[in-house]
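Per UniProt numbering, the sequence shown starts with residue 1, numbered consecutively.
Yeah, the Cβ is synthetic: ideal placement off N, Cα and C, and Gly gets one too.
Since the model is a prediction, treat every value here as computed from it, not as a measurement.
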Amino acid sequence: MSETIAVIDFETTGMSPQSGGRATEIAAVLVREGRVVDQFQSLMQTGVWVPPFIEQLTGISNAMLAKAPPAEAVMRELARFTRGCPLVAHNASFDRGFWHFELERAGCEPDPAHEFACTVLLARRLYPEAPNCKLGTLARYHALPDTGRAHRALADAQTTAHLLLRMQDDLAQRYAAELGNMAVEHGLLARLQRSARTALKRCVQDYAKTRRPHGQALLHAN
């Protein structure tokens, strides 16, 4: 069965739940077999005030949130939408904090599949020649599709999804001998994001060895 990855993005009132920040918007884009297959987006009402500089950055106002569905209802729907999917985010440490916090507040049971891979960490290893690893910079660097206003959850999730697809394609081409006909799975991305840049090939080889049928040799591994 083909793997479905959920690419998520939050807009928030602050940097972390620990500092009082709450989510204002969430989006998830589902990627499978090299293409986007579905998406989800919603504003979220938490009752927390949006500072003016955040409103200016995101375009999300207190008035807009007053009419939004409760955060708990949104997160329960999102948990169903992403059930069984591993997750990807750009600067995943930020989104991971809000993901766990908002899901817990909504009373959602943790999903074992919801492990994160980070496109910032992957970009540092795959594209050291890029000017920096900001999402907008990488989108321009790779000429990714224009998805709309930055700092809105759906536009940023769509851009991150296109970046993920580019990374999967680049990895498949770069390590074709090591992967054979294997897809570039989330499990490999999770390993590569922790690997040294100079050890990427060995990381791919080791992962492919664990995923191939017993006794099937790697081609051109050395």
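Legend entry - Secondary structure, alpha helix (DSSP H): runs of 4+ residues fully inside the segment 149-190: With a minimum length of 4 residues, the continuous alpha helix (DSSP H) runs that stay inside the segment 149-190 are 153-174 and 176-179.
Inset, instruction - Return the chain-ordered list of same chain residues with a C-beta closer than 7 Å to the C-beta of P51, the five sequence neighbours on each side being excluded. - result: Position 51 of the sequence shown, counting from 1, holds the residue named residue 51. Contacts found: T13.
Inset, instruction - Indicate the three-state DSSP secondary structure (helix, strand or coil) for Q39 in the structure shown. - result: The residue labelled residue 39 in the question sits at position 39 within the sequence shown. Three-state DSSP puts Q39 in a strand.
Legend entry - Option nearest R105 by Cα separation, candidates K209, T210, L192 and R22: By 1-based counting over the sequence shown, the position of residue 105 is 105. Checking every option, the nearest Cα to that of R105 belongs to R22.
Legend entry - Beta-carbon proximity check, A143 vs T159, cutoff 8 Å: Taking the sequence shown and counting its residues from 1, the one referred to as residue 143 is at position 143. Taking the sequence shown and counting its residues from 1, the one referred to as residue 159 is at position 159. Not in contact: A143 and T159 (Cβ atoms no closer than 8 Å).
Legend entry - Reference F53, options M75, R35, E11 and G84, closest by Cα: The residue labelled residue 53 in the question sits at position 53 within the sequence shown. The residue with the shortest Cα to Cα distance from F53 is E11.
Inset, instruction - Run the CB neighbour count on E178, radius 10 Å, all protein chains shown included, and call it buried at 16 or more, exposed below. - result: As a position in the sequence shown, residue 178 is number 178, starting the count at 1. Buried.
Legend entry - Any 3 or more C-beta pairs closer than 8 Å across the segment 85-98 and the segment 113-124: yes
Legend entry - Proximity winner among D156, Y207 and L126, relative to A196 (alpha-carbon distances): Position 196 of the sequence shown, counted from the start, is the residue given in the question as residue 196. A196 has its Cα closest to that of L126, out of D156, Y207 and L126.
Legend entry - Per DSSP, the bridge partner or partners of C118: Sequence index remark: in the sequence shown, residue 118 carries index 118 (1-based). For C118, which the question treats as bridged, DSSP gives the partners A89.
Inset, instruction - Can you tell me the Cβ-Cβ gap for G180 and Y207, rounded? I've got them flagged as a contact below 8 Å. - result: Locating residue 180 in the sequence shown gives position 180, where the first residue counts as 1. Locating residue 207 in the sequence shown gives position 207, where the first residue counts as 1. Actually they do not touch by this definition, with Cβ atoms about 12 Å apart.
Inset, instruction - Taking only the alpha-carbon atoms, compute the straight-line gap between L154 and A28 and give it to the nearest angstrom. - result: Looking up residue 154 in the sequence shown gives position 154. Looking up residue 28 in the sequence shown gives position 28. Taking the straight line from one Cα to the other gives about 7 Å.
Inset, instruction - Flag this pair as yes or no: are the beta carbons of E72 and E185 separated by less than 8 Å? - result: Within the sequence shown, residue 72 is the residue found at index 72, counting from 1. Within the sequence shown, residue 185 is the residue found at index 185, counting from 1. No; because the gap between Cβ atoms is not below 8 Å, this pair is not in contact.
Inset, instruction - Quickly, what does DSSP pair R80 with across the bridge? List them, please. - result: Translated into positions along the sequence shown, residue 80 becomes position 80. None, per the DSSP bridge assignment.
Legend entry - Burial state of T210, where buried means 16 or more other Cβ atoms lie within 10 Å: Working through the sequence shown from its first residue, we reach residue 210 at position 210. Burial call: exposed.
Legend entry - Three-way DSSP call (helix, strand, coil) for P145 in this model: Looking up residue 145 in the sequence shown gives position 145. P145 falls in the coil class under three-state DSSP.
Legend entry - Residue range of the unbroken beta strand (DSSP E) whose run includes I8: On the sequence shown, residue 8 is found 8 positions in, with the first residue counted as 1. Looking at the DSSP string, the run of the beta strand (DSSP E) that includes I8 is T4 to T12.
Inset, instruction - Find out if the Cβ-Cβ distance for the pair C108, I5 is shorter than 8 Å. - result: Here the question's residue 108 lines up with position 108 in the sequence shown. Here the question's residue 5 lines up with position 5 in the sequence shown. It is not a contact, given that the beta carbons lie outside the stated cut-off.
Inset, instruction - Name, in chain order, the residues that DSSP records as bridge partners for I26. - result: Taking the first residue of the sequence shown as 1, we reach residue 26 at position 26. The partner list for I26 (beta bridge, DSSP) reads F10 and S42.
Legend entry - Straight-line Cα distance separating D156 from L189: Sequence index remark: in the sequence shown, residue 189 carries index 189 (1-based). Sequence index remark: in the sequence shown, residue 156 carries index 156 (1-based). Roughly 20 Å separates the two Cα atoms.
Inset, instruction - Classify P70 as helix, strand or coil using the three-state DSSP reduction. - result: The residue given as residue 70 occupies position 70 in the sequence shown. It is a strand residue.
Legend entry - Cut-off 7 Å between Cβ atoms - residues of its own chain near R83, not counting five sequence neighbours on either side: As a position in the sequence shown, residue 83 is number 83, starting the count at 1. Within the same chain, R83 has close Cβ partners D111.
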